[in-house]
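Novice: If you read the protein sequences in the order shown, they are chains H and P. Per the numbering used here, residue 199 is the first one in the first sequence, and the count goes up by one each step. Per the numbering used here, residue 22 is the first one in the second sequence, and the count goes up by one each step. Yeah, the Cβ is synthetic: ideal placement off N, Cα and C, and Gly gets one too.
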Amino acid sequence: MPDSEVLHAAHRLEYPYSRSVGPVIGAFLTGLRDGRLLGVTGAGGSVIVPPTEYDPTTGDDTGEMVEVGPGGVVESWAWVAEPQAKHPLATPFAWALIRLDGADTALLHVVDSGGPDRLATGDRVTVRFRPAAERIGAMADIVAFVPEGGAGR
Amino acid sequence: MTDQAPTDERGPVTTLATPIRLDFDFTPGIAQSKFLRGLEQGRFLGQRCPVCTKVYVPSRGSCPTDGVATTDPVELSHSGTVTTYCVVNVPFQGQSIEIPYICAQVLLDGANVSFMGLLQEIPTDQIRMGMRVEAVWVEPDELTPSLASVKYFRPKSEADADYETYKEYL
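Next up, the structure:
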């Protein structure tokens with residue numbers, strides 16, 4: 199049998215889970231839907247972003263939600279030269295750890311800098327949200343972080 | 022820069038959709054492609070083992086008993102015998118057929134393995150082992166290389182098969 203006669207078909211296996219997010223992550227996601235970045239206060243007044251229900255160093259309950267950003271500093275990054283269908287952007291981008299202004303921990307998200315030669319550790323970036331009508335309370339409410347000032351390096 | 026949304030009447034976010042998704046390029050392989058191409062022509066095509074002479078439909082391309090390739094093509098009858106069955110009364114997510122319905126194992130005449138088919142045109146309390154049935158195909162222009170080409174099986178007006186003829190295939 200020639201190869202051309204062997205059948206192929208796209209087959210998608212999908213489990214449509216939804217998960218309960220709890221009060222702290224829920225507040226963070228509600229903030230994203232509102233176009234705000236929220237952290238939570240932990241031990242010694244540190245600010246944890248994204249927020250957790252317990253302080254990772256002491257295990258104590260965390261405190262109040264506080265607004266952080268919208269700018270921040272790239273702490274480290276990895277360039278994705280050939281994005282795949284499941285990636286958040288169709289064009290090349292960086293996965294980056296971003297320490298938002300007012301935060302003591304880093305948030306993992308996308309930096310759309312236009313090229314790996316236009317991004318460096320220590321660069322300042324700022325959030326780019328989706329339009330309010332498209333936001334649902336999810337990490338993808340943030341399209342990407344972009345170099346502060348717009349033009350890049 | 023953030024644009025402040027108006028007060029949101031949806032209330033706080035409490036759940037997050039987290040689908041798990043795997044995308045496959047599925048191929049049934051050479052032997053089952055032949056079976057599926059047969060369905061596209063309104064035919065049941067199987068293969069015979071050259072050692073034990075059993076006929077598999079659909080064939081996986083080898084005999085599980087003898088471990089040899091099954092290369093001899095065999096075209097099978099559109100009639101067969103119900104070896105066993107299940108009346109489905111319970112709804113479940115993704116169900117495409119109205120309940121109750123009958124899921125039957127049908128042993129096509131000439132085959133040595135049964136396969137699962139939908140049984141219709143009979144009340145669910147009249148189905149029985151040994152019942153003789155025949156395939157009802159979709160319209161010729163609706164045939165595809167898929168078991169969806171067989172709409173269902175329906176009873177034939179002939180005497181039930183003797184238990185001895187199918188007891189090996191339960």
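Under the DSSP definition of a beta bridge, which residues are partnered with Gln114 of chain P?
Specialist: Taking the second sequence and counting its residues from 1, the one referred to as residue 114 of chain P is at position 93. Answer is none; Gln114 of chain P lacks a bridge partner.
Novice: My understanding is that Val219 of chain H touches Ala301 of chain H, with C-beta atoms under 8 Å, so please give their C-beta distance in whole angstroms.
Specialist: Mapped onto the first sequence, residue 219 of chain H falls at position 21. Mapped onto the first sequence, residue 301 of chain H falls at position 103. Not a contact, Cβ separation roughly 20 Å.
Novice: For Gly229 of chain H, which residues of its own chain have a beta-carbon under 8 Å away from its beta-carbon, when the five flanking residues on both sides are left out?
Specialist: If you number the first sequence from 1, residue 229 of chain H lands on position 31. So the list reads Leu235, Leu236, Met263, Glu265, once near-sequence residues are dropped.
Novice: Any beta-carbon of chain P closer than 8 Å to the one on Arg322 of chain H?
Specialist: Numbered from its first residue, the first sequence carries residue 322 of chain H at position 124. Cβ-Cβ to chain P under 8 Å: no for Arg322 of chain H.
Novice: My parser needs the beta strand (DSSP E) runs of 3 or more residues fully inside the region 115 to 145 of chain P; what are they?
Specialist: 122 to 129, 136 to 140
Novice: Using only CA atoms, which one of P:Leu97, P:Tyr187, P:Ile143, P:Phe136 lies nearest to Gly63 of chain P?
Specialist: The residue you call residue 63 of chain P lines up with position 42 of the second sequence. It is P:Leu97.
Novice: Starting from Gly335 of chain H, find everything on chain P with Cβ-Cβ shorter than 7 Å and list it in chain order.
Specialist: Residue 335 of chain H sits at position 137 when you count from the first residue of the first sequence. The contacting residues are Val34.
Novice: Return yes when the Cβ of Val154 of chain P is within less than 8 Å of the Cβ of Lys177 of chain P, no when it is not.
Specialist: The residue labelled residue 177 of chain P in the question sits at position 156 within the second sequence. The residue labelled residue 154 of chain P in the question sits at position 133 within the second sequence. In this structure, Val154 of chain P lies closer than 8 Å to Lys177 of chain P by Cβ.
Novice: Can you give, in chain order, each stretch of the beta strand (DSSP E) that sits fully within the region 259 to 296 of chain H and has at least 3 residues?
Specialist: 263 to 266, 269 to 278
Novice: Where does Leu43 of chain P fall in DSSP's three states?
Specialist: Mapped onto the second sequence, residue 43 of chain P falls at position 22. DSSP places Leu43 of chain P in strand when its eight states are reduced to three.
Novice: Quick check: the Cα distance between Gln25 of chain P and Asp232 of chain H, rounded to an integer number of angstroms?
Specialist: As a first step, residue 25 of chain P must be located in the second sequence, where it is residue number 4. As a first step, residue 232 of chain H must be located in the first sequence, where it is residue number 34. Any reading at Gln25 of chain P needs caution, since the residue's pLDDT is 46, under 50, leaving its predicted position unreliable; the model's value is listed next. Rounded to the nearest angstrom, the two C-alpha atoms are 6 Å apart.
Novice: For Pro49 of chain P, which residues in chain H fall below 7 Å Cβ to Cβ?
Specialist: The residue labelled residue 49 of chain P in the question sits at position 28 within the second sequence. Per Cβ cutoff of 7 Å: Leu205.
Novice: What is the residue span of the beta strand (DSSP E) that Lys75 of chain P lies within?
Specialist: As a first step, residue 75 of chain P must be located in the second sequence, where it is residue number 54. It is not in any beta strand (DSSP E) - Lys75 of chain P carries neither H nor E in the DSSP assignment.
Novice: Under the rule that 16 or more other beta-carbon atoms within 10 Å means buried, what is Pro214 of chain H, buried or exposed?
Specialist: Residue 214 of chain H sits at position 16 when you count from the first residue of the first sequence. It counts as exposed.
Novice: Keeping to the same chain, check which residues put their C-beta closer than 8 Å to that of Leu164 of chain P; ignore five residues upstream and five downstream.
Specialist: The residue labelled residue 164 of chain P in the question sits at position 143 within the second sequence. Same-chain partners within the cutoff: Leu60, Glu61, Gln62, Gly63, Trp158, Ser170.
Novice: Using the Cα positions of Pro249 of chain H and Ser216 of chain H, report the straight-line distance between them to the nearest angstrom.
Specialist: Here the question's residue 249 of chain H lines up with position 51 in the first sequence. Here the question's residue 216 of chain H lines up with position 18 in the first sequence. Rounded to the nearest angstrom, the two C-alpha atoms are 20 Å apart.
Novice: With a threshold of 16 other CB atoms inside 10 Å of the CB of Pro345 of chain H, please say whether the residue is buried or exposed.
Specialist: As a first step, residue 345 of chain H must be located in the first sequence, where it is residue number 147. So Pro345 of chain H counts as buried.
Novice: Chain H beta carbons: is any one of them nearer than 8 Å to that of Ala38 of chain P?
Specialist: By one-based count along the second sequence, residue 38 of chain P stands at place 17. Taking 8 Å as the threshold, the shortest C-beta distance from Ala38 of chain P to chain H falls below it.
Novice: Taking 8 Å as the limit between beta carbons, can you name the residues of its chain near Ile51 of chain P, skipping five residues before and five after?
Specialist: The sequence position of residue 51 of chain P within the second sequence is 30, counting from 1. Closer than 8 Å at Cβ, skipping near neighbours: Gly82.
Novice: When the Cα of Gly138 of chain P is compared with those of P:Pro144, P:His99, P:Tyr173, P:Pro112, which residue comes out closest?
Specialist: Taking the first residue of the second sequence as position 1, residue 138 of chain P is located at position 117. Among P:Pro144, P:His99, P:Tyr173, P:Pro112, the Cα nearest to that of Gly138 of chain P belongs to P:Tyr173.
Novice: From which residue to which residue does the alpha helix (DSSP H) around Pro254 of chain H run?
Specialist: Along the first sequence, read from residue 1 onward, the residue named residue 254 of chain H stands at position 56. First-last for Pro254 of chain H: undefined, no H or E at that position.
Novice: Which residue from P:Cys73, P:Glu119, P:Glu30, P:Val103 puts its Cα closest to that of Arg175 of chain P?
Specialist: Within the second sequence, numbered from 1, the residue matching residue 175 of chain P stands at position 154. Out of P:Cys73, P:Glu119, P:Glu30, P:Val103, P:Val103 has the C-alpha closest to the C-alpha of Arg175 of chain P.
Novice: So, is Ala342 of chain H buried or exposed, given that buried needs 16 or more other C-beta atoms within 10 angstroms?
Specialist: Residue mapping note: residue 342 of chain H aligns to position 144 of the first sequence, counting from 1. Result: buried.
Novice: Touch check for the region 100 to 114 of chain P and the region 71 to 91 of chain P: three-plus C-beta pairs under 8 Å?
Specialist: no
Novice: Is Ser311 of chain H close to chain P, meaning its C-beta is less than 8 Å from at least one C-beta of that chain?
Specialist: As a first step, residue 311 of chain H must be located in the first sequence, where it is residue number 113. Not one chain P Cβ lies under 8 Å of Ser311 of chain H.
Novice: Identify each residue in the region 146 to 170 of chain P for which the Cβ-Cβ distance to at least one residue of chain H is less than 7 Å, and report them in chain order.
Specialist: Pro166
Novice: Use the C-beta contact count for Pro71 of chain P: other C-beta atoms within 10 angstroms, 16 or more gives buried, fewer gives exposed.
Specialist: The residue you call residue 71 of chain P lines up with position 50 of the second sequence. Pro71 of chain P comes out exposed.
Novice: Using a C-beta to C-beta distance shorter than 8 Å, which residues of chain P count as neighbours of Glu212 of chain H?
Specialist: Locating residue 212 of chain H in the first sequence gives position 14, counting from the first residue. Within chain P, the residues near Glu212 of chain H are Pro40, Ile41, Arg42, Leu43.
Novice: Of all the options P:Phe113, P:Val76, P:Pro161, P:Glu119, which has the alpha carbon lying nearest to the alpha carbon of Leu128 of chain P?
Specialist: Within the second sequence, the letter at position 107 stands for residue 128 of chain P. Ranking P:Phe113, P:Val76, P:Pro161, P:Glu119 by Cα distance to Leu128 of chain P puts P:Val76 first.
Novice: Taking a Cβ distance cut-off of 7 Å, strictly less, list which residues of the region 61 to 84 of chain P are near chain H, in chain order.
Specialist: none
Novice: With H, G and I counted as helix, E and B as strand and the rest as coil, what does DSSP make of Ser218 of chain H?
Specialist: Residue mapping note: residue 218 of chain H aligns to position 20 of the first sequence, counting from 1. Here Ser218 of chain H carries a strand assignment [DSSP, helix/strand/coil].
Novice: Can you check DSSP and say which residues form a bridge with Gly101 of chain P?
Specialist: Here residue 101 of chain P is taken as the residue at index 80 of the second sequence, counted from 1. For Gly101 of chain P, which the question treats as bridged, DSSP gives the partners P:Leu129, P:Val154.
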